[in-house]
Structure formats: structure tokens, C-alpha cells
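Protein sequence lines, in the order shown, are assigned to chains A and B. Note that the first sequence covers residues 169 to 283 in our numbering. Note that the second sequence covers residues 7 to 118 in our numbering. To start, the structure under review is shown below, and the notes come after it.
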Amino acid sequence: AQTVTQSQPEMSVQEAETVTLSCTYDTSESDYYLFWYKQPPSRQMILVIRQEAYKQQNATENRFSVNFQKAAKSFSLKISDSQLGDAAMYFCAYRTGGSNYKLTFGKGTLLTVNP
Amino acid sequence: NAGVTQTPKFRILKIGQSMTLQCTQDMNHNYMYWYRQDPGMGLKLIYYSVGAGITDKGEVPNGYNVSRSTTEDFPLRLELAAPSQTSVYFCASNPPGRAEQYFGPGTRLTVT
Numbered sequence: 169a170q171t172v173t174q175s176q177p178e179m180s181v182q183e184a185e186t187v188t189l190s191c192t193y194d195t196s197e198s199d200y201y202l203f204w205y206k207q208p209p210s211r212q213m214i215l216v217i218r219q220e221a222y223k224q225q226n227a228t229e230n231r232f233s234v235n236f237q238k239a240a241k242s243f244s245l246k247i248s249d250s251q252l253g254d255a256a257m258y259f260c261a262y263r264t265g266g267s268n269y270k271l272t273f274g275k276g277t278l279l280t281v282n283p
Numbered sequence: 007n008a009g010v011t012q013t014p015k016f017r018i019l020k021i022g023q024s025m026t027l028q029c030t031q032d033m034n035h036n037y038m039y040w041y042r043q044d045p046g047m048g049l050k051l052i053y054y055s056v057g058a059g060i061t062d063k064g065e066v067p068n069g070y071n072v073s074r075s076t077t078e079d080f081p082l083r084l085e086l087a088a089p090s091q092t093s094v095y096f097c098a099s100n101p102p103g104r105a106e107q108y109f110g111p112g113t114r115l116t117v118t
């Protein structure tokens, strides 16, 4: 069974600085997807970024980028120029390719942004 | 589009009571999902559906039932509420050919 591990229960960053959140996963599949979701205090789950395993290029979305290391099964999220609105719980999630659409989530990392 | 909507937002149940959590999406997505999120944990899949009339169990289905009579609606039924079902419940959907799921705002359920 696939597992997703987020080893940092909490992280903090100063406003305008950069922070990296870690995620590792375990799978025997070669075709899969990885995601980062943000959950602010409102509880809404918001997709931040996605990465297809077959793509070597790391995904970027504005201030958010990933470092995808397929051999190491590592998928970290970098937030640049951190803003107060980035404060939230961040979840790493995994999905196999094919017709099984189930998402497997890590336990999350709580990010605090200090002014 | 309203996206994925869930009702109610909050609910308190007594042990042994029953209720249905409603989920509706207006994006014509075939795939729909129910997750629960316990404190300090990620989301765990309860049930999912790949289209009207088709449902299947996820990781934690015990104590729940689902139905999918239309593309838009995917209700989750709790028959005999137990304190272990105290959680936040999320409904999600995704369109065919797209990997990411879109989530509703969640329902916070407390069973006492």
C-alpha cells in the first residue's frame, strides 16, 4: 500500500522569506501523481500544485514550486516570498495512475508565517 | 459554477441517531469521493463513485453507506452514529482525464 510521510508537523517562516516543506512517499508504481493541498483555518481544501511522475521538470505555480526527486521518492514544496495568507496546514497527497483515483494523504504540516 | 457544495456545515448527533450528509457538484464530474479528517490527521477515503449507479468502498467504510443515483449528487449516510465518527467530512470530485480532486467546504460532525 502506498504511504505518504510528512516529517515536519510544524514549520514557521518570516514574511517575505522562503520555506520548504518535506514529503516522502512509498510506492512500487511507476505512473502516479503527487499533489500539495493547502487547508487554511476556513477548512477548505485548496489545490496548490500537482506533479506527474513521468515529467522530469519540476512544477511551478507562481510563488510555489516543487522539488520532485523520483528515485528518492521525495516531493518537497518551496514557498517563496511567504505571505501572511500562506499560513495554513499543508498536505502532501499521492494518486496512482490509471483508473484508481484514490488520494492518499500525509498527516500535514502546519505552517505559521510571522510578520 | 458553484463547484462542490456540502450540507450541513455543522451537526451534532446523539449516539445511535442517523443522518445523511449531502454533497452536490454542478461540474458534471463523473468521479466523486467522501473523506473524513480526524484531528491531526490527513484525509482518509470512506467511499467513492466513478459514475451514477457505481460505488465502491475506500479505506474506512465501516458505519457508512452511499448511493449515487445522479451524476450531481453523492450523499453519505450514517445509520447508527458512534463517537468514533466525530470528524470533519469532505466531499470531492474530479472530471475524467484530470488527476486533481476538487473539494467541498466540509461538514463538522460531533457525536455525543
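For each residue, glycine too, the CB sits at the ideal point set by N, CA and C. Nothing here was measured: the structure is a model prediction, and the numbers come from that model.
- With respect to Y95 of chain B, L27 of chain B sits close: the two C-beta atoms are nearer than 7 Å.
- Under a criterion of Cβ atoms nearer than 7 Å, the residues of chain B adjacent to M213 of chain A are, in order, F96, F109.
- F243 of chain A and Q225 of chain A have their C-alpha atoms spaced approximately 12 Å apart.
- Taking the Cα positions, S196 of chain A is about 15 Å away from E220 of chain A.
- For M25 of chain B, no chain A residue has a C-beta closer than 7 Å to its own C-beta; the minimum C-beta separation is roughly 19 Å.
- Interface flag for M38 of chain B against chain A is unset, since no Cβ pair is found closer than 7 Å.
- When the five nearest sequence neighbours on each side are left out, the beta carbons in the same chain lying within less than 6 Å of the beta carbon of L271 of chain A are those of A261, R263, in order along the chain.
- Per the DSSP secondary-structure output, I217 of chain A pairs in a beta bridge with A:W204.
- Scanning A:A184, A:T188, A:T171 for the CA closest to the CA of L278 of chain A turns up A:T188.
- Within the segment 182 to 214 of chain A, those residues whose Cβ lies closer than 7 Å to any Cβ of chain B are, in chain order, Y201, F203, R211, Q212, M213.
- In this structure, E106 of chain B places its C-beta atom within 7 Å of the C-beta atom of L215 of chain A.
- DSSP places R42 of chain B in the uninterrupted beta strand (DSSP E) bounded by 37 to 43.
- Under DSSP, F80 of chain B takes part in no beta bridge, so it has no partner.
- Secondary structure at L252 of chain A: helix, using DSSP grouped into helix, strand and coil.
- Our two residues, P111 of chain B and M179 of chain A, have alpha carbons roughly 25 Å apart in a direct line.
- Taking a contact as a CB-CB distance under 8 Å, the pair S73 of chain B and P67 of chain B does not count as one, their CB atoms being some 13 Å apart.
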